[in-house]
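Each residue of the sequence shown is one higher than the one before, starting from 1 at the first, in the UniProt record's numbering.
Heads up, the beta-carbon is just placed ideally off N, CA and C, and yes, glycines get one too.
A short worksheet on the structure shown next.
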Amino acid sequence: MFTGITEAIGEIKQITPQEKSQQHGLCLNITAGGLDLNDMKTGDSIAVNGACLTVTAIYPDMFTVDVSRETLNCTQNLDQLGTRVNLEKAMRLSDRLGGHLVSGHVDSVGEVIKFEPVGESVLLAIRAPSSLLKYMAEKGSITVNGVSLTINQIEGDVFSVNLIPHTLSMTTLNELKPGFSVNLETDMLARYIARLINVYV
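In structure tokens form, the structure reads like this:
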């Protein structure tokens, strides 16, 4: 479980195909980007651009994760060498919940429609798959590339968020441009409520 508050920005430095796997997954070596790895061990979970992955090896300034074909099919850019990624270690039960409850299970990929400065902030508009719209609400939570954000507006299949200077400086969201793809995870509470309504109402 995560909060959607990015702790560091890493970079995918090496990609190795898992040839023994029937699913043809990948093994990634990712730089820690200043993330403290001293309290981590193999088997721990880490969010990489919003995708929950399992740490398989730890080095002084780098760690390794395995990515299944299913995860690669549901996400964007985890198979691109040199990609800068938002990193967050799994939360402890004693941690402050600064963002919202994030599972690290990416729902789908969205497309950036707008990335426009508004004063010191940036307006980010994203076209989401229609299957996710029922889980979104204005002033509700959304995770974009692992970053917890608040939805300002929804028009059709496009939602918009406001990126403040702090978010822009601490995440890779400042690198987005129209046409870029992003990993999306909707609010898990909204998913459960929708499920209950569909089944029992």
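Checklist entry - Measuring CB to CB, does Ser-160 end up less than 8 Å from Leu-123? => result Looking up residue 160 in the sequence shown gives position 160. Looking up residue 123 in the sequence shown gives position 123. Yes, the Cβ-Cβ distance between Ser-160 and Leu-123 is below 8 Å.
Next on the checklist: Taking its Cβ as the centre, do 16 or more other Cβ atoms sit within 10 Å of Asp-39, making it buried, or is it exposed?
Outcome noted: Counted from its first residue, the sequence shown places residue 39 at position 39. The residue is exposed, with fewer than 16 neighbouring Cβ atoms inside 10 Å.
Checklist entry - If you draw a straight line from the C-alpha of Asn-86 to the C-alpha of Gly-104, how long is it? => result In the sequence shown, the residue the question calls residue 86 occupies position 86. In the sequence shown, the residue the question calls residue 104 occupies position 104. Approximately 12 Å between the Cα atoms of the pair.
Item to check | Meets three-Cβ-pair contact criterion under 8 Å: the region 137-152 and the region 47-61 | outcome: In this structure the region 137-152 touches the region 47-61; the number of beta carbon pairs closer than 8 Å is three or more.
Checklist entry - Residue range of the alpha helix (DSSP H) that Thr-71 falls in? => result Taking the first residue of the sequence shown as 1, we reach residue 71 at position 71. Run containing Thr-71: 69-74, per the alpha helix (DSSP H) assignment.
Checklist entry - Would a C-beta distance cut-off of 8 Å place Thr-83 and Val-65 closer than the cut-off? => result Here the question's residue 83 lines up with position 83 in the sequence shown. Here the question's residue 65 lines up with position 65 in the sequence shown. No, Cβ-Cβ distance for Thr-83 and Val-65 is not below 8 Å.
Checklist entry - Over what stretch of residues does the alpha helix (DSSP H) that includes Pro-60 continue unbroken? => result Residue mapping note: residue 60 aligns to position 60 of the sequence shown, counting from 1. Counting along the chain, no alpha helix (DSSP H) covers Pro-60, and no H or E run does either.
Next on the checklist: On the DSSP letters alone, give me the boundaries of the beta strand (DSSP E) that Ser-108 sits inside.
Outcome noted: Translated into positions along the sequence shown, residue 108 becomes position 108. Per DSSP, the continuous beta strand (DSSP E) segment holding Ser-108 begins and ends at 108-118.
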